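Protein chains in written order, with our numbering: chain A, 227 to 585; chain B, 227 to 585.
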């Protein structure tokens, strides 16, 4: 267990945004909230998952909804803690720590707000190692741990508990239906996990990984080097495409942000084009019509100059973008995981294609 | 407290279906379930609300959803009792009795199934004195009693608790969203009420009223008299129209059955036409374009021969229908109630118009 330092908050935000694969929501506002809390003297502890007692109880906290809406309806620490406190009340016992459902995007920082408000430590782990759009895509769900009770709350007086669901997909649909009804942004606290379960089924050390990635990008910027190149080298990733956004199509539908964008090539990619499709996160990249990379590869669009990640809700005409792919956690390459988080899990009728395997 | 007799089940079903105002769902299957339970020796007790101890706790049980779907996915006693048992578990205490949310339609009989499975008595009361489509239209909601916790369950393994909602309308929308996600039919158990609250805010003796109405219709049939006329006389109602169904338009949308139908006049109404609009229940009747009756009047379409109520989901071309209006409970004529259950509560931009007041 160690204190997260004030100067780690920005790299954490930068790294989490990259691991968001275009989704997870921009961590900017969550980062600002945490900075203010730190300025006020609050500190959050990061706990090595191996320090967890087997019978400790860990709450997984997250914001749910469409990233586009998240930009307008700001989250705040009190709101983040609300379902966690409701969960303690529902279970009739205290929880021992909090963790992220997804390290990617705003949710990578989200549990730090709940932790700051409750004094609980944050476990250095998540259940995606990136961001995915749906609840059945977590390592916990894929390993068939029960995902209930789930608590969904909004900033007004609404609170919903799901004590039982027939399966992970139904739980996700019920939660998504509630979320849409609450205005497409909600704070959630999922089935608390035992320390043993987190150690066995979590994606471990992902908070540390996000901070590390963020530092690589920031250090390169400081040294006036190419931050995208530095990142790709440090993480054994690959540059898929350099180009300019020619077209973006987006719709906030049934609690998701779905759409596609087209990039026209620049530099070495001049004359080519890249099409990206997303459901909150990027799912497929096609170069001149041919699939070059799919989920669960971490496809990320970055500002070619600053190396700042550009979320699917922020893409706009004319942006100069470098598209990269990073390795997903190995857990997601197993057949039972690929079924859920590969293209077929997103409704496509083709198999996982990795640009990284070919590299 | 008295035992509901086997020969009261059919009049209860007939009367409840009439009080459904076209909605509430056909009580036929619930009636069959109860008959089977009675044949097996089960008996259900009907409790005078005035016998309730002030601190008794009464569960309000109901089926929620689109009537059209309810015809395909049958309810059964075990399913009806499920949210009631979940409520006892959630509250950590036993409940003392059950009651109907709405006496109209299948929900008028629904609590008898839950009662049969749990041995609890049914209170002779409801919260609508008819059927209305939405949860904020109950006397409990209009009198601003808290409507949470609410439990929604389906026949599979899904269960949802709403412990807090900002207001009745939001609670209704959240519940409706969950219901739609569960396939547009769900069993619910709402905020248990104290005996004192039931006595002060319930619509009392509505089970007895439904049985009485059903008996009037059945007695007239047996005597080969006009059952519709007998009903209208016994309940100081009015015949709005006699005609033949020329057109029906229906859509199951967002958990409701919405639509309209047009009747061409017969007998004394020859040459005229009547348009009916419904959201599960009938909301407005227009004769040759002019509004003649609106909710909360109990507008009911009945088979002109048999006096059997015809629900909004059963209307079809060519049926010979008599449209009647019955008095709603006086509670719903108060200004604060009319706001919720009058035409404006259904989204119309005009005021309550009663055919009965003019009669």
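The C-beta atom is built at its ideal place from N, Cα and C for all residues, glycine as well. Quick caveat: nothing in here was measured; it's all calculated off a predicted structure.
- For residue 406 of chain B, there is no enclosing beta strand (DSSP E); the residue is found in the alpha helix (DSSP H) stretching over 394-407.
- For residue 431 of chain A, the secondary structure class from DSSP, reduced to helix, strand or coil, is coil.
- Here DSSP, grouped into helix, strand and coil, assigns residue 377 of chain B to strand.
- In the DSSP assignment, the residues bridged to residue 519 of chain B are B:511.
- With respect to the C-alpha of residue 261 of chain A, the residue from A:235, A:288, A:564 and A:470 having the closest C-alpha is A:235.
- In its chain, beyond the 5 residues on either side, 365, 366, 369 and 371 have a beta carbon closer than 7 angstroms to the beta carbon of residue 427 of chain A.
- Listed in chain order, the non-local C-beta contacts of residue 415 of chain B below 6 angstroms within the same chain comprise 285, 287, 309, 310, 313 and 377, local neighbours out to five positions each way being set aside.
- Contact between the region 491-506 of chain B and the region 573-583 of chain A is absent, with fewer than three C-beta pairs closer than 8 angstroms.
- Per DSSP, the continuous alpha helix (DSSP H) segment holding residue 305 of chain B begins and ends at 303-317.
- Residues of the region 378-400 of chain B whose Cβ lies closer than 9 angstroms to any Cβ of chain A, in chain order: 379, 380, 382, 383, 384, 385, 386, 387, 388, 389, 390, 391, 392, 393, 396, 397, 399 and 400.
- Listed in chain order, the non-local C-beta contacts of residue 430 of chain B below 6 angstroms within the same chain comprise 275 and 351, local neighbours out to five positions each way being set aside.
- With fewer than three CB-CB distances shorter than 8 angstroms, the region 511-525 of chain A does not count as touching the region 534-542 of chain A.
- Assignment of residue 240 of chain B by DSSP, reduced to helix, strand and coil, places it in the helix class.
- Using a Cβ-Cβ distance cut-off of 8 angstroms, the region 433-447 of chain B and the region 235-255 of chain B are in contact, since at least three pairs of beta carbons, one from each stretch, lie closer than that value.
- When 8 angstroms is used as the limit between beta carbons, residue 403 of chain A is near these residues of chain B: 403, 404, 406 and 407, in chain order.
- Assigned with DSSP and collapsed to three states, residue 390 of chain B falls in strand.
- Within the DSSP secondary-structure output, residue 471 of chain B pairs in a beta bridge with B:489.
- If you draw a straight line from the Cα of residue 482 of chain B to the Cα of residue 333 of chain B, it is about 15 angstroms long.
- Following the DSSP letters along the chain, one finds residue 261 of chain A in no beta strand (DSSP E) but inside the alpha helix (DSSP H) bounded by residues 254-265.
- Residue 230 of chain A is not bridged by DSSP to any residue.
- Residue state for residue 540 of chain A is assigned as coil, using DSSP reduced to three classes.
- As for any alpha helix (DSSP H) of minimum length 4 sitting wholly inside the region 330-365 of chain B, the runs are 336-344, ordered along the chain.
- DSSP, reduced to helix, strand and coil, places residue 478 of chain B within a strand of the structure shown.
- Taking residue 508 of chain A as the centre and dropping the five residues before and after it, the same chain places the C-beta of 247, 248, 249, 502, 521, 525, 526, 527 and 538 closer than 8 angstroms to its C-beta, in chain order.
- With contact defined as three or more Cβ pairs closer than 8 angstroms, the region 467-476 of chain A and the region 320-338 of chain A are not in contact.
- Proximity of residue 357 of chain B to chain A, defined by a Cβ-Cβ separation below 9 angstroms, is not satisfied.
- For residue 456 of chain B, the enclosing alpha helix (DSSP H) begins and ends at 453-460.
- Residue pairing by DSSP puts residue 504 of chain B in a beta bridge opposite B:485 and B:508.
- Per the coordinates, the alpha-carbon of residue 515 of chain A lies some 38 angstroms from the alpha-carbon of residue 408 of chain B.
- In the three-state reduction of the DSSP assignment, residue 277 of chain B falls in the helix class, which pools H, G and I.
- When Cβ pairs closer than 8 angstroms are counted between the two stretches, the region 392-407 of chain B is seen to touch the region 390-404 of chain A, the count reaching three or more.
- Assigned with DSSP and collapsed to three states, residue 424 of chain B falls in helix.
- The continuous stretches of beta strand (DSSP E) do not include residue 566 of chain A, which lies in the alpha helix (DSSP H) extending over residues 561-567.
- Among the residues facing chain A, residue 307 of chain B is not included, as its CB has no counterpart in that chain under 9 angstroms away.
- Of the candidates A:487, A:432, A:306 and A:355, A:432 places its Cα closest to the Cα of residue 272 of chain A.
- DSSP, reduced to helix, strand and coil, places residue 235 of chain A within a helical segment of the structure shown.
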